[in-house]
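Only one structure is covered here, and it is reproduced in the block below.
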Amino acid sequence: MGEVLSQNEIDALLSALSSGELNIEEHSQEEKQKIRKYDFKRPNKFSKEHIRTIEMVHDNFARIASNYLTAHLRSSVQIKVISTEQITFEEFIHSIPNPTILISFFLEPFTGLMLFETGPQFVFQVVDILFGGNGKNLIKIREFTDIEKNIMKKIDLKLLENLKMAWEDILDVEVKFENLETNPVLNQVMAPNESVALVTMSVEIGHNQSFLNMCIPYISVEKYIDKLIIQYKTSITEKDDIEIRNKMENNLMGVKVDTFAELGKSIITVEDFLSLNVGDCIPINRKLNESIDYYIEEAPHFKVYPGLIGKKIGVQVSKIIDKDVENNA
1 MGEVLSQNEI DALLSALSSG ELNIEEHSQE EKQKIRKYDF KRPNKFSKEH IRTIEMVHDN
61 FARIASNYLT AHLRSSVQIK VISTEQITFE EFIHSIPNPT ILISFFLEPF TGLMLFETGP
121 QFVFQVVDIL FGGNGKNLIK IREFTDIEKN IMKKIDLKLL ENLKMAWEDI LDVEVKFENL
181 ETNPVLNQVM APNESVALVT MSVEIGHNQS FLNMCIPYIS VEKYIDKLII QYKTSITEKD
241 DIEIRNKMEN NLMGVKVDTF AELGKSIITV EDFLSLNVGD CIPINRKLNE SIDYYIEEAP
301 HFKVYPGLIG KKIGVQVSKI IDKDVENNA
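The sequence shown begins at 1 in the UniProt record's numbering and counts up by one.
What follows is the structure, given as structure tokens:
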């Protein structure tokens, strides 16, 4: 039985209530604020620091992958992280289209599987560019052919190799391919209510936008979860800046480009073209002693003079065409 109040204590309590010194609603609200709802079907296993670190890593990954695709497709590619959130594996599987390219892989030393999804819009645009198209045509979504799946498997694995550089400040990792699936419903590699960190990235090729998804299950990184809480650098030293610049220069130096020298142009009729014979001469729009244009990736960059270098045909650079890089892109 609870403590019994005396008459004096009861009178003091009633007096405090009537004068406003004691507010029952405030006390009840304070008690309510101490109660926090928790959904056991969707446990929050990743902390805000973990999510922030994962987003930072994939910001690096997006930048490196952009450079790789730009060089490989010879088109301007921009990749950026648009969201990083904690959801369940079931929600992830039901959020991606069918068909899609879903790569299962191990990121050693993490112990469990991770998933990398490239949507059909991205797949068809990349395949179109690699097969000689411009990637601008809208393609109707359909099942992938075996050739398309093999091509995208190679592209995706090359993209995933960039995770090694993206994670290098936290952990040394290695990518090990496990499986490729086009129907996400068939890829039931873990429990539906398992917590995963989903990183969604947008890809812009030309004026078309598509999406990539990286799924990181908690059980896959649980053993190294403490590594995902890091101290961020407040500033970049001059030494770090030089190292970053040298890395960028080394990456650019290895990029192969197509070049050619244009001797001149001429316009003739179809009738003249059909009547050409061996020994005929076609006048062009340049004089014999005039410099010609030297192109890099279909954009003029130098004025040159043709000639011989030993027994080989070559050119001598006489002038650099000073134009904005963006106008030549």
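By construction, the Cβ of each residue, glycine as well, lies at the ideal position given by its N, Cα and C atoms.
Keep in mind the model is a prediction, meaning the values are calculated, not measured.
Alpha-carbon spacing of V255 relative to I96, whole angstroms: 34 Å
Whole-Å CB distance - V175 paired with L198, under 8 Å assumed: Between L198 and V175 the Cβ distance is about 19 Å, and since that is not below 8 Å, they are no contact.
Span separating the alpha-carbon of P192 from that of E91: 8 Å
Buried or exposed (CB count within 10 angstroms, at least 16 for buried), H50: buried
Contact under 8 Å by Cβ, residue 334 with M201: Not covered by the structure: residue 334. The range shown for the chain is 1 to 329.
Simplified DSSP assignment, three categories, for S117: Per the sequence presented here, residue 117 reads as Glu, with Ser not at that position. Reduced to three states, the DSSP call for E117 is strand.
Distance between beta carbons of G264 and I284, contact taken as under 8 Å: 3 Å
DSSP three-state assignment for Q78, whether helix, strand or coil: strand
For Q316, three-class secondary structure by DSSP: strand
Alpha-carbon spacing of T118 relative to P300, whole angstroms: Straight-line Cα distance between these residues: approximately 35 Å.
Y224, enclosing beta strand (DSSP E) - first and last residue: Counting along the chain, Y224 falls outside any beta strand (DSSP E), and DSSP gives it neither H nor E.
Sheet register partners of V175 (DSSP bridge): L107
Endpoints, beta strand (DSSP E) assigned at M201: Here the beta strand (DSSP E) through M201 covers S195 to I205.
Any 3 or more C-beta pairs closer than 8 Å across the stretch 103-110 and the stretch 217-224: yes
CA nearest to the CA of K287, picked from E271, P306 and N277: P306
Limits of the unbroken beta strand (DSSP E) element including V304: Element bounds for V304: A299 to I309.
Three CB pairs or more closer than 8 Å across the stretch 238-251 and the stretch 273-281: no
DSSP bridge partner residues for Q86 (one or two, in chain order): A197
Nearest to N213 (by Cα), restricted to the options F46, F61 and L13: Looking at the Cα atoms, F61 is the closest of the given residues.
Euclidean distance between Cα positions of F46 and L113: 17 Å
Rounded straight-line distance, which links the Cα of I147 to that of E194: 34 Å
Beta-carbon proximity check, N208 vs Q86, cutoff 8 Å: no
Boundaries of the alpha helix (DSSP H) in which I60 is found, first to last residue: It is worth fixing the name first, because residue 60 is Asn in this sequence and not Ile. Run containing N60: K48 to L73, per the alpha helix (DSSP H) assignment.
Per-residue burial, T53 [other beta carbons within 10 Å of its own, 16 or more giving buried]: buried
Start and end residues, alpha helix (DSSP H) containing M152: D146 to E161
Same chain only: Cβ atoms within 7 Å of W167, ignoring 5 sequence neighbours per side: Leaving aside the five residues that flank W167 on each side, the residues in its chain whose CB is nearer than 7 Å to its CB run, in chain order, V57 and V173.
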